[in-house]
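Here's the structure, in structure tokens; my notes come after.
Protein chains: 2
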Amino acid sequence: MMQSTALRSFHIESYAMQHTRLDTLPCPIARALDRVGEWWNILILRDAFRGLTRFDQFQKSLGIAPNILSRRLRGLVEAGLLEKIRYNQRPPRDEYVLTPVGRDFQPVLWAMLAWGNRHFMPFGQEVALVDPATGLHADPVMVDGKSGKRLDQAVLRPIPRPTLDDARRRQS
Amino acid sequence: MMQSTALRSFHIESYAMQHTRLDTLPCPIARALDRVGEWWNILILRDAFRGLTRFDQFQKSLGIAPNILSRRLRGLVEAGLLEKIRYNQRPPRDEYVLTPVGRDFQPVLWAMLAWGNRHFMPFGQEVALVDPATGLHADPVMVDGKSGKRLDQAVLRPIPRPTLDDARRRQS
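Chains A and B supply the protein sequences, listed in that same order.
Under our numbering, the first residue of the first sequence carries the number 1, and numbering increases by one thereafter.
Under our numbering, the first residue of the second sequence carries the number 173, and numbering increases by one thereafter.
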């Protein structure tokens, strides 16, 4: 137990000498950003949710330089959001598919979609969220999963840092 | 009507010579990112939702260089997410408060919070979303505002570009 704490402090200190590392801050928003922080990454994830998997598909969709795309895809694989799968041996060809952690990013995109549609599409919506069961446009709204209540008034609140015992109990 | 279309094309072309501009793409996610695309901006918004308004408060919270913070705050004001308000004349002192468009970004932060809490807080949650009415922790979940159904299966779908007449009808 002492060892884990020491290890963690070591990481924080060793990063402090470099530029700011978000992945060691105690805030889940900062850590989430550390995984996708750059907007190309978020657009790559958007495209992955649209079903794109291949380098040339992403490139065509994003109009991005190959070296940048290649670096971004590698970063998303390293962050655990995409998995690189070889679908052809000769010639070697890979595709990139969302991992479970990557798929779980979807509500962030939906929230961005709703915000963008509401404020920055002066000529009207050009992308909609659709319920595939009904084909109807959906209006993404955040509620509390337990009470079903809309979260309009909810606030972020730091909670006391749990002891490692607490954390273990919570995770088990 | 012709004039508006021409104006829009002009903007797209004039930006094309520079680096990629997200604010002219037809995707609301891209346009949303254009407003907040850089992760400092998202952390500044996070802090604004926590009630921070002053330069030194943001600086203390973020550990960010003053010149970068100052550029970011200016950018968020220009993008219409924060408003700069002079609260003291001598010496001149400004504070930054969320505009309605900025406040509407909140679901994006909640979605990031939930994703970060779920996957990147190995020692347990350190920030929670709280319903101020009950004091209980909320579990942010995205539903369709109309049907109340969870959006687990929802998909993004491009919709046919409306004519300007359609767009006008939609907005009126």
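Yeah, the Cβ is synthetic: ideal placement off N, Cα and C, and Gly gets one too.
All values reported here derive from a predicted model rather than from experimental measurement.
Quiz item: How is E250 (chain B) classed by DSSP in three states: helix, strand or coil?
Solution: The residue labelled residue 250 (chain B) in the question sits at position 78 within the second sequence. In the displayed model, E250 (chain B) falls within a helix according to three-state DSSP.
Practice problem: Please confirm if Q231 (chain B) has its CB atom under 8 Å from at least one CB of chain A. | Solution: Residue 231 (chain B) sits at position 59 when you count from the first residue of the second sequence. No, Q231 (chain B) lies away from the interface with chain A (no Cβ there is under 8 Å from its Cβ).
Self-check item: CB contact check: G75 (chain A) to chain B, cutoff 8 Å
Solution: If you number the first sequence from 1, residue 75 (chain A) lands on position 75. No, G75 (chain A) lies away from the interface with chain B (no Cβ there is under 8 Å from its Cβ).
Practice problem: Taking only the alpha-carbon atoms, compute the straight-line gap between G252 (chain B) and R322 (chain B) and give it to the nearest angstrom. | Solution: As a working mapping, residue 252 (chain B) is identified with position 80 in the second sequence. As a working mapping, residue 322 (chain B) is identified with position 150 in the second sequence. Put simply, the backbone Cα of G252 (chain B) is about 31 Å away from that of R322 (chain B).
Quiz item: Does the Cβ of Y96 (chain A) have 16 or more other Cβ atoms within 10 Å, making it buried, or fewer, making it exposed?
Solution: Here residue 96 (chain A) refers to the residue found at position 96 when the first sequence is read from its first residue. Here Y96 (chain A) is buried: its Cβ has 16 or more other Cβ atoms, across all protein chains shown, within 10 Å.
Self-check item: Contacts that V299 (chain B) makes with chain A (C-beta to C-beta distance below 8 Å)
Solution: Locating residue 299 (chain B) in the second sequence gives position 127, counting from the first residue. Within chain A, the residues P26, C27, P28, I29, L156, R157, P158, I159 have their CB atoms less than 8 Å from the CB of V299 (chain B), given in chain order.
Quiz prompt | Option nearest G256 (chain A) by Cα separation, candidates B:F295, B:D195, B:D276, B:D303 | solution = This structure cannot speak to residue 256 (chain A), because chain A is shown only from 1 to 172.
Self-check item: A188 (chain B) burial status per 10 Å Cβ neighbour count (16 or more: buried)
Solution: On the second sequence, position 16 is the one that residue 188 (chain B) refers to. Only weak support exists for where A188 (chain B) lies, its pLDDT of 34 falling under 50; the value from the coordinates is given anyway. Result: exposed.
Quiz item: Just to confirm, are M284 (chain B) and I29 (chain A) a CB contact at a threshold of 8 Å?
Solution: For this step, residue 284 (chain B) is matched to residue 112 along the second sequence. For this step, residue 29 (chain A) is matched to residue 29 along the first sequence. Taking 8 Å as the Cβ cut-off, M284 (chain B) and I29 (chain A) qualify as a contacting pair.
Self-check item: Proximal chain B residues relative to F105 (chain A), where beta-carbon distance stays under 8 Å
Solution: Within the first sequence, the letter at position 105 stands for residue 105 (chain A). Contact note: F105 (chain A) reaches chain B through W287, using a C-beta cutoff of 8 Å and chain order.
Quiz prompt | Under 7 Å (Cβ pairs) to chain A, residues found in the segment 234-265 of chain B | solution = So the list reads G235, given in the order they occur along the chain.
Exercise. Using a threshold of 8 Å, state whether the C-beta atoms of G274 (chain B) and L254 (chain B) are closer than that.
Key: Within the second sequence, numbered from 1, the residue matching residue 274 (chain B) stands at position 102. Within the second sequence, numbered from 1, the residue matching residue 254 (chain B) stands at position 82. Taking 8 Å as the Cβ cut-off, G274 (chain B) and L254 (chain B) qualify as a contacting pair.
Quiz item: Nearest-angstrom Cα distance between L35 (chain A) and K232 (chain B)?
Solution: Mapped onto the first sequence, residue 35 (chain A) falls at position 35. Mapped onto the second sequence, residue 232 (chain B) falls at position 60. Looking at the sequence itself, residue 35 (chain A) is Arg, so the reference to Leu does not match. If I take the Cα positions, the gap works out to 23 Å.
Quiz item: Under the three-state reduction of DSSP, which class applies to P330 (chain B): helix, strand or coil?
Solution: In the second sequence, counting from the first residue as 1, residue 330 (chain B) sits at position 158. In the three-state reduction of the DSSP assignment, P330 (chain B) falls in the strand class.
Quiz item: According to DSSP, is K232 (chain B) helix, strand or coil?
Solution: Translated into positions along the second sequence, residue 232 (chain B) becomes position 60. DSSP, read as helix, strand or coil, puts K232 (chain B) in helix.
Quiz item: What residue range is occupied by the uninterrupted alpha helix (DSSP H) comprising L270 (chain B)?
Solution: As a working note, residue 270 (chain B) is residue 98 in the second sequence. Not the alpha helix (DSSP H): L270 (chain B) falls in the beta strand (DSSP E), residues 265-270.
Quiz item: Going along chain B, which residues have a C-beta under 8 Å from L98 (chain A)?
Solution: Numbered from 1 along the first sequence, position 98 holds the residue referred to as residue 98 (chain A). By Cβ distance, chain B contributes nothing, its closest Cβ being about 13 Å from L98 (chain A), past 8 Å.
Exercise. Could you name the residues of the same chain whose beta carbon sits closer than 8 Å to that of W211 (chain B), not counting the 5 residues immediately before and after it, in chain order?
Key: The count along the second sequence starts at 1 and reaches residue 211 (chain B) at position 39. None.
Exercise. Spell out whether any CB of chain B is found under 8 Å from the CB atom of F120 (chain A).
Key: Taking the first residue of the first sequence as 1, we reach residue 120 (chain A) at position 120. By this cut-off, F120 (chain A) is an interface position.
Quiz item: Thinking C-beta only, is H119 (chain A) closer than 8 Å to A128 (chain A)?
Solution: For the purposes of this step, residue 128 (chain A) is taken as residue 128 along the first sequence, with counting starting at 1. For the purposes of this step, residue 119 (chain A) is taken as residue 119 along the first sequence, with counting starting at 1. Taking the C-beta atoms as reference points, H119 (chain A) is found no nearer than 8 Å to A128 (chain A).
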